[in-house]
Amino acid sequence: GVKVVIVGGVAGGMSAATRLRRLDEQAQIVVLEKGPYVSFANCGLPYYISGEIGNRDDLIVESPAELQARFNLDVRPEHTVTKIDPVTQTVSGTTSGGRSFTESYDKLILAPGAKPLVPDIHGLADAANAFVLRSIPDLDRIMLTLHQVQPKQALIIGAGFIGLEVAENLRRRGLAVTIVEQTPHVLPPLDEEMAAFVQQELQAHNVRVITGQSVTTLQDDGHTAQLSDGTTLSTDLTILSVGVRPNTDVAGAAGIKLGLRGGIVVDDHYQTSQPNIYAVGDAIVVTQQITGQPALIPLASPANRQGRQVADVIAGLPQRNRGSIGTAIVRVFDLAAASTGLSERAARQAGLDVAVIHVLGKNHAAYYPEATPINLKLIFNPHTGEIYGAQGVGVDGVDKRIDVLATAIKGHLTVADLPELELTYAPPFGSAKDPVNMLGYAALNITEGLSTHIQWYQLPDALKNGAILLDVRDPDEIAEGHFPHSVNIPLNDLRDRLNELDPKQTYIVSCRSGQRAYIAERILRQHGFQVKNLDGAYQLYQAVR
Ligand code: FAD
Numbered sequence: 005g006v007k008v009v010i011v012g013g014v015a016g017g018m019s020a021a022t023r024l025r026r027l028d029e030q031a032q033i034v035v036l037e038k039g040p041y042v043s044f045a046n047c048g049l050p051y052y053i054s055g056e057i058g059n060r061d062d063l064i065v066e067s068p069a070e071l072q073a074r075f076n077l078d079v080r081p082e083h084t085v086t087k088i089d090p091v092t093q094t095v096s097g098t099t100s101g102g103r104s105f106t107e108s109y110d111k112l113i114l115a116p117g118a119k120p121l122v123p124d125i126h127g128l129a130d131a132a133n134a135f136v137l138r139s140i141p142d143l144d145r146i147m148l149t150l151h152q153v154q155p156k157q158a159l160i161i162g163a164g165f166i167g168l169e170v171a172e173n174l175r176r177r178g179l180a181v182t183i184v185e186q187t188p189h190v191l192p193p194l195d196e197e198m199a200a201f202v203q204q205e206l207q208a209h210n211v212r213v214i215t216g217q218s219v220t221t222l223q224d225d226g227h228t229a230q231l232s233d234g235t236t237l238s239t240d241l242t243i244l245s246v247g248v249r250p251n252t253d254v255a256g257a258a259g260i261k262l263g264l265r266g267g268i269v270v271d272d273h274y275q276t277s278q279p280n281i282y283a284v285g286d287a288i289v290v291t292q293q294i295t296g297q298p299a300l301i302p303l304a305s306p307a308n309r310q311g312r313q314v315a316d317v318i319a320g321l322p323q324r325n326r327g328s329i330g331t332a333i334v335r336v337f338d339l340a341a342a343s344t345g346l347s348e349r350a351a352r353q354a355g356l357d358v359a360v361i362h363v364l365g366k367n368h369a370a371y372y373p374e375a376t377p378i379n380l381k382l383i384f385n386p387h388t389g390e391i392y393g394a395q396g397v398g399v400d401g402v403d404k405r406i407d408v409l410a411t412a413i414k415g416h417l418t419v420a421d422l423p424e425l426e427l428t429y430a431p432p433f434g435s436a437k438d439p440v441n442m443l444g445y446a447a448l449n450i451t452e453g454l455s456t457h458i459q460w461y462q463l464p465d466a467l468k469n470g471a472i473l474l475d476v477r478d479p480d481e482i483a484e485g486h487f488p489h490s491v492n493i494p495l496n497d498l499r500d501r502l503n504e505l506d507p508k509q510t511y512i513v514s515c516r517s518g519q520r521a522y523i524a525e526r527i528l529r530q531h532g533f534q535v536k537n538l539d540g541a542y543q544l545y546q547a548v549r
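This is how it looks when you write it as structure tokens:
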């Protein structure tokens, strides 16, 4: 049979190996993995820090012996590939024990993943208490420090998905946690106003959040961190989580073409620039399906899919990489924050024609006990209705809404299709008008010209240009918190008090969540007023200001 060598034995590599075996009993399949474990749960690592995942063995999904028994795979951990020779069709390297090895291949699949970016911090090399988290050995090092040093305070550098997961799990262990994030807000893949809810949640759990700053220096053997504004922090344990880059030095040295930020360039059959060499997972450049542009999308779902698909290609099945959209979720204490597709920022940067709406919904029927809010955001084209992306933050049911929207994007549905989705509903589960349907209704109000929105970040300029903010909440709500400059007419009084408004002015209507403001907008418009709707209303404004 054909001899297939796979470099990297986790998500992409092991998916390829097992699928290939199911397709071809005759193939000789060798998996070379640098680390001591294959098929481990990278995504589960943060939850072991707090003990939420209590058993270390649960993180190791399959052993080489199990993989041999079930799939007849020749799995070799502790084998680091250091050289690929496309001419002789061999890979070579060294084992952890220092032994050299060379292995020939008919087909080579590269699934070396990504490696953590190491920020340029003065003194980092001397900081024995600073770690990255990518593998089980990384986790073991962190756990050893937690047990031996009993650190009291931790510093997390980088507030992406992994940084926030580690922050939560260290906090659950009782450490005082500070997060420093260089960009203006936590969770950079989300937009600022959606990330604001996450930041509030972190602070509510006594995580100190410092944004717009970077760590420039680590002193005192890593125990003192200095920030770009000169602030100093003390830390017993520092986690570096500033992102990843494709782990492609060996591939690049073999003359395999690299592209965006060093990612391996593959065609839509996962073939690299070299014959008989394929690549999948975090290491490759994919096509962002929404923009058609090259992208790096280092997530587990695409890596697993690509591993399976490359096995199909090698086994001669018709299979093609159709690209990725990027769907992700993170739990931050009692909240979940999720996104799919492009953020508003990314969509605007890509030069797309962008409209945005925010809807505040509930996880299930509002009248059924323990309903909790979900903030949803939809990013779409106001002319074609194409859905560019969605984001959600809430206690419960965020995964379901973002998954439906991710499916809608993959299925090329438009905003006009969202009201048509017939989703599960009984009071404990959803609503007859699910928040996803509501996003569709609200988006259609924009595309049909029934409603004109302004976004929270446009409000200051609009007011400067003379628009008047009309808050239609009830006086008791206003008393609890309000815009600095606004006129208040409760929605139920509006029809009777239209004479208090000046037809020559432009009004911006707001309420708590946007629902009443939309009704007010429709009343005012039909009476000839110029009116815009503050998308997301006071609730969103208050979170992000
Ligand atoms: P990996 O799974 O990283 O596997 C690559 C393997 O190749 C590694 O084991 C590496 O040791 C090995 N290797 C590299 N170079 C060589 C070499 N020269 N020789 C031999 N072996 C080599 N994604 C999500 O979608 N959701 C999550 O919740 C999530 N959480 C995560 C949490 C953490 C802490 C981490 C680190 C990642 C998380 N991810 C998550 C990302 C997800 O794990 C990756 O997208 C996925 O594992 C990528 O699969 P891959 O096969 O490309 O690379």
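With this note's numbering as the guide, the letters of the sequence shown map in order to residues 5 to 549. Note that the Cβ used here is the ideal one computed from N, Cα and C, for glycine as well.
Residue i CB to nearest heavy atom of the ligand FAD below 7 Å
i, result
"ARG138", "yes"
"GLU56", "no"
"ALA15", "yes"
"ASN552", "Since the first and last residues shown for the chain are 5 and 549, residue 552 lies out of range."
"LEU36", "yes"
"ALA307", "yes"
"LEU303", "yes"
"PRO40", "no"
"THR22", "no"
"ASP89", "no"
"THR84", "yes"
"VAL79", "no"
"GLY162", "no"
"GLY12", "yes"
"ILE166", "yes"
Span separating the alpha-carbon of residue i from that of residue j
i, j, result
"ALA163", "ARG212", "12 Å"
"PRO431", "LEU148", "47 Å"
"THR99", "VAL79", "13 Å"
"THR221", "ASP130", "11 Å"
"LEU409", "THR291", "19 Å"
"ALA319", "ASN251", "26 Å"
"ASP438", "ALA132", "50 Å"
"ARG25", "VAL6", "11 Å"
"LYS366", "LEU191", "23 Å"
"SER435", "ARG324", "38 Å"
"PRO494", "CYS515", "9 Å"
"PRO188", "ALA200", "10 Å"
"HIS126", "THR239", "15 Å"
"ASP475", "ASP500", "16 Å"
"VAL136", "ASP142", "7 Å"
"ILE214", "LEU244", "15 Å"
"GLN223", "ASN379", "41 Å"
"LEU300", "ARG529", "45 Å"
Test item: CB-CB of residue i and residue j under 8 Å
i, j, result
"SER218", "VAL181", "no"
"ALA547", "GLY285", "no"
"VAL246", "PRO123", "yes"
"GLU172", "VAL336", "yes"
"GLY393", "SER328", "no"
"LEU159", "TYR282", "no"
"ASN441", "LEU422", "yes"
"HIS83", "LYS38", "yes"
"THR428", "VAL399", "no"
"GLY13", "GLY311", "no"
"ALA466", "ILE512", "yes"
"ILE294", "ILE406", "no"
"LEU114", "ALA304", "no"
"THR236", "THR228", "yes"
"VAL397", "VAL91", "no"
"ASN385", "ASP403", "no"
"ILE383", "LEU346", "yes"
Residue from the options whose Cα sits closest to the Cα of residue i
i, options, result
"ASN449", "TYR461, ILE140, TYR522 and THR418", "TYR522"
"ALA45", "VAL85, LEU27 and ILE140", "ILE140"
"VAL85", "PRO193, ALA258 and THR22", "ALA258"
"PHE105", "LEU36, ARG145, LEU49 and ALA73", "LEU36"
"GLN459", "GLU348, GLY263 and TYR372", "GLU348"
"PRO155", "GLY216, THR242, GLU426 and GLU390", "THR242"
Would you mind listing the alpha helix (DSSP H) stretches within the segment 446-522 that are 4+ residues and don't spill past its ends, in chain order?
463-468 and 479-484
Which runs of the alpha helix (DSSP H) at least 4 residues long sit entirely within the segment 325-372? Give them in chain order.
348-353
Please list the segments of the beta strand (DSSP E) lying wholly inside the segment 248-317, counting only runs of 3 or more residues, in order along the chain.
Segments of the beta strand (DSSP E) lying fully in the segment 248-317: 248-250 and 281-283.
Enumerate, from N- to C-terminal direction, the unbroken alpha helix (DSSP H) stretches of 4 or more residues contained entirely within the segment 63-137.
68-75
Length at least 4, wholly inside the segment 360-430: the alpha helix (DSSP H) runs in chain order:
402-414
So within the segment 144-192, which uninterrupted alpha helix (DSSP H) runs reach at least 4 residues, ignoring any that extend past its ends?
165-176
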